[in-house]
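See below for the structure under consideration.
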Amino acid sequence: MHPDISVKNLYKTYASGHQALKDINLDIRRGEIFALLGPNGAGKTTLISIICGIVNHTSGTVLADGHNIASDYRAARTKIGLVPQELNTDAFETVWDTVSFSRGLFGKAPNPAHIEKVLKSLSLWDKRDSRIMALSGGMKRRVMIAKALSHEPQILFLDEPTAGVDVELRRDMWELVRRLRENGVTIILTTHYIEEAEEMADRIGVISQGELILVEDKHTLMQQLGKKELRLHLQAPLESVPDSLSDLQLELSDDGTELVYTFDTSEERTGIATLLRRLAEQGVDFKDLRTRESSLEEIFVNLVKAKV
Amino acid sequence: MNVYGIRAIYKFEMARMWRTLMQSVLSPVISTSLYFVVFGSAIGSRMGDIDGVSYGAFIIPGLIMLSLLMQSISNASFGIYMPKFSGTIYEVLSAPVSFVEVVIGYVGAAATKSTILGLIILLTARLFVDYSIDHPVWMFLFLVLTAITFSLFGFIIGIWADTFEKLQIVPLMIVTPLVFLGGTFYSISMLPPIWQTITLFNPVVYLISGFRWAFYGISDVNVLLCAGMTFLFMVICLVIIAMIFKTGYRLRS
Ligand SMILES: Nc1ncnc2c1ncn2[C@@H]1O[C@H](COP(=O)(O)OP(=O)(O)OP(=O)(O)O)[C@@H](O)[C@H]1O
Ligand SMILES: [Mg+2]
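Protein sequences, first through last, are from chains A and B. Counting from 36, one number per residue, gives the positions in the first sequence under our numbering. Counting from -8, one number per residue, gives the positions in the second sequence under our numbering.
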């Protein structure tokens, strides 16, 4: 089966001369949740906007469900729903009207039952006759999601769906994303919250300065790049790491009470046994120890740092 | 053809008109009434007939055209400017609608509004002067054709404008003078010959002339030429819009 989204050699240079995307190649599989991570200005929104038809691309090809987004835009766009990063809503329309409008715009016959289902799933049913301007920010965000779901898209883009959203709505959103995935919807989301990617995504792509620097299965990524730390709480603080131990991956905490040893979980030998033996030889006593796995967040920060 | 898409845009735009019914209908009706009072009754009573038509009746076609042009342009330009301004345009850009469908939706709604408005002004005029309509079908055709053409023109302005000032400036600085100098209040034949020639470069002359012919059977220029010129202007607008959508000018970065 062909991928739901296929991006090949995609470049984008804005009129300002800024090159926002450089040679992006990416396939998104049907039914997966793909998280796109990257710092501010990395090009996440640009990539999504090109796929959805809001921004023109400079060169390259994009297929949505096998349809070229430029030459066969009608078929391609029919498959796609988009929740943009910015809260751009009408003001005077009611929730019901604006969601029905979206469905019509995407060429679907009216279906009040479906709209009702979408509104109920987003806890918007009570607000259906409210004007959008009278809603809170979080509620407006829900309305934007409802609009994107109004035409039953096969592929859903969520550009920072949980930015500026309270904990409850964030949980709701995750729940909704899971339910959509169960129904076979492909979901591409961008986020700055790593925990979100960690919690939701099947695969993760990292984009930095317009380049896709990594695409990996989430679990593989966390295993491959997962570093562990061993922290030793010392009996007596040290001034510095003893010279005789300088060949080891050791760091001293600022107050001198902790020695931190970093090791790779994927390595055959972690070197812990050696470390402990040599500490004993040197007479460095410790009263406690613990290990910690680095989170996706640290992985991500390291990746982006390495790039710069 | 994405008929549901066209219908969605058209309905959205018409709903906007109902919300702003007062300013959409009332203000042009009031200002036109004032013109009738001042020019038709007060000054008109001291003017002789023009080509056998009383002055009050003579200015009706021009006054309707004035409102029709202004309203078509402002309705259509505002209709597309607002989503650009508020950012909701993203949805139209990402939807499976062709430029023709977008234009039918927005321009269709704007033209519908201004046509209805033109008819309302026509009825309002009845309160002030007596008039006849020799060719009602032609009259209606000119009304609709002009409404569509200038809604297209307004649509272009709405896309081009990136500030509210620009949105206002074209109707104010260009259209108003063209209408006033286009023979609303006088017959072209009343001008010195050199001005008659210059006037022929004013597209509004053809609109008013053709429209007045539909009322009273009198015209400054050939009626077919009038219809042809209006049609030509419409085609030019369509070509410009097609190019806008093709290049994404001011719509897609
Ligand atoms: N219309 C535009 N014209 C010129 N440059 C632009 C335009 N839109 C975006 N850019 C630039 O392109 C780069 C990528 O922007 P983009 O919005 O895609 O980043 P992002 O990854 O979505 O960032 P964020 O996390 O802040 O949303 C930025 O440097 C931005 O300044
Ligand atoms: Mg962004």
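Glycine included, each C-beta is placed from N, C-alpha and C at the ideal position.
Determine, using beta carbons only, whether valine 161(B) and serine 32(B) come nearer to each other than 9 Å. The residue you call residue 161(B) lines up with position 170 of the second sequence. The residue you call residue 32(B) lines up with position 41 of the second sequence. Judged by beta-carbon spacing, serine 32(B) lies beyond the 9 Å limit of valine 161(B), meaning their Cβ atoms are not closer than that value.
Once you ignore the five residues that flank leucine 134(B) on each side, which residues in its own chain have a CB closer than 8 Å to its CB? Translated into the one-based positions of the second sequence, residue 134(B) becomes position 143. Ile55, Leu59, Thr106, Gly109, Leu110, Phe202.
Considering only residues of the same chain and omitting the five flanking positions on each side of isoleucine 59(A), which have a CB-CB separation below 6 Å? Your numbering for residue 59(A) matches position 24 in the first sequence. Cβ-Cβ distances below 6 Å link isoleucine 59(A) to Val42, Leu45, Leu247 in the same chain, with the five nearest sequence neighbours on each side left out; the list follows chain order.
State the DSSP-derived secondary structure class of alanine 55(A), mapped to helix, strand or coil. By 1-based counting over the first sequence, the position of residue 55(A) is 20. Annotated three-state conformation of alanine 55(A) is strand, per DSSP.
Just to confirm, is the Cβ distance from glutamate 195(A) to threonine 226(A) under 9 Å? Position 160 of the first sequence, counted from the start, is the residue given in the question as residue 195(A). Position 191 of the first sequence, counted from the start, is the residue given in the question as residue 226(A). Contact: yes.
Using a Cβ-Cβ cutoff of less than 7 Å, which residues in the same chain neighbour serine 165(A) once the five nearest sequence positions on both sides are dropped? In the first sequence, residue 165(A) corresponds to position 130, counting from 1. If we look at serine 165(A) and ignore the five residues flanking it on each side, its Cβ neighbours are Thr129, Val130.
Can you tell me the Cα-Cα spacing of serine 36(B) and tryptophan 9(B), whole angstroms? Counting from one through the second sequence, the residue named residue 36(B) turns up at place 45. Counting from one through the second sequence, the residue named residue 9(B) turns up at place 18. Rounded to the nearest angstrom, the gap between the Cα atoms of serine 36(B) and tryptophan 9(B) is 38 Å.
Examine chain B for any beta-carbon lying closer than 9 Å to the beta-carbon of valine 90(A), and answer yes or no. Taking the first residue of the first sequence as position 1, residue 90(A) is located at position 55. By this cut-off, valine 90(A) is an interface position.
Tell whether a beta-carbon distance below 9 Å holds between tyrosine 207(B) and phenylalanine 49(B). Position 216 of the second sequence, counted from the start, is the residue given in the question as residue 207(B). Position 58 of the second sequence, counted from the start, is the residue given in the question as residue 49(B). Yes, these two residues count as a Cβ contact at 9 Å.
Do you know offhand how far valine 276(A)'s Cα is from leucine 283(A)'s? Against the first sequence, residue 276(A) aligns to sequence position 241. Against the first sequence, residue 283(A) aligns to sequence position 248. Roughly 10 Å separates the two Cα atoms.
List the endpoints of the continuous alpha helix (DSSP H) containing tyrosine 1(B). Taking the second sequence and counting its residues from 1, one reaches residue 1(B) at position 10. Unbroken alpha helix (DSSP H) run through tyrosine 1(B): -6 to 10.
Below 9 Å between beta carbons: does that hold for phenylalanine 69(A) and aspartate 237(A)? Within the first sequence, the letter at position 34 stands for residue 69(A). Within the first sequence, the letter at position 202 stands for residue 237(A). Yes, the Cβ-Cβ distance between phenylalanine 69(A) and aspartate 237(A) is below 9 Å.
Around the Cβ of alanine -1(B), are there at least 16 other Cβ atoms within 10 angstroms (buried) or fewer (exposed)? As a first step, residue -1(B) must be located in the second sequence, where it is residue number 8. Per the 10 Å Cβ criterion, buried.
Alanine 169(A): buried (16+ other C-beta within 10 angstroms of its C-beta) or exposed? The count along the first sequence starts at 1 and reaches residue 169(A) at position 134. Exposed, because fewer than 16 other Cβ atoms sit within 10 Å of the Cβ of alanine 169(A).
Tell me whether aspartate 194(A), by its Cβ, gets closer than 8 Å to a heavy atom of ligand 1. Residue numbering aside, residue 194(A) sits at position 159 when the first sequence is read from its first letter. For aspartate 194(A), the CB falls within less than 8 Å of some heavy atom of ligand 1.
Under 9 Å, Cβ to Cβ, is there at least one residue of chain B near serine 135(A)? In the first sequence, the residue the question calls residue 135(A) occupies position 100. Yes, because at least one Cβ of chain B sits closer than 9 Å to the Cβ of serine 135(A).
Neighbouring residues, chain A, relative to arginine 243(B) (Cβ below 7 Å): On the second sequence, residue 243(B) is found 252 positions in, with the first residue counted as 1. Within chain A, Ile89, Val90, Asn91 have C-beta atoms less than 7 Å from the C-beta of arginine 243(B), given in sequence order.
Starting from the C-beta of tyrosine 122(B), find all residues in its chain whose C-beta is less than 6 Å away, skip the five residues before and the five after it, and write them out in chain order. Start at 1 with the first residue of the second sequence, and residue 122(B) comes out as number 131. Ala48, Ile51, listed in sequence order.
Run through the segment 81 to 164 of chain A for me and flag every whole beta strand (DSSP E) of 3 or more residues, listed as ranges in chain order. For the segment 81 to 164 of chain A, the continuous beta strand (DSSP E) assignments of 3+ residues that do not extend past its boundaries occur at 94 to 99, 115 to 118, in sequence order.
Express the C-alpha separation of lysine 182(A) and glutamate 328(A) in angstroms, rounding to a whole number. Sequence index remark: in the first sequence, residue 328(A) carries index 293 (1-based). Sequence index remark: in the first sequence, residue 182(A) carries index 147 (1-based). If you draw a straight line from the Cα of glutamate 328(A) to the Cα of lysine 182(A), it comes to about 40 Å.
For glycine 219(A), collect the residues of the same chain with a Cβ closer than 6 Å to its Cβ; drop the 5 residues on either side in sequence, then sort them by chain order. Position 184 of the first sequence, counted from the first residue, corresponds to residue 219(A). Same-chain partners within the cutoff: Gly66.
Mind listing the chain A neighbours of phenylalanine 202(B)? Cutoff is C-beta to C-beta under 9 Å, in chain order. If you number the second sequence from 1, residue 202(B) lands on position 211. Those do not exist, as phenylalanine 202(B) stays about 35 Å from chain A at its closest Cβ, beyond 9 Å.
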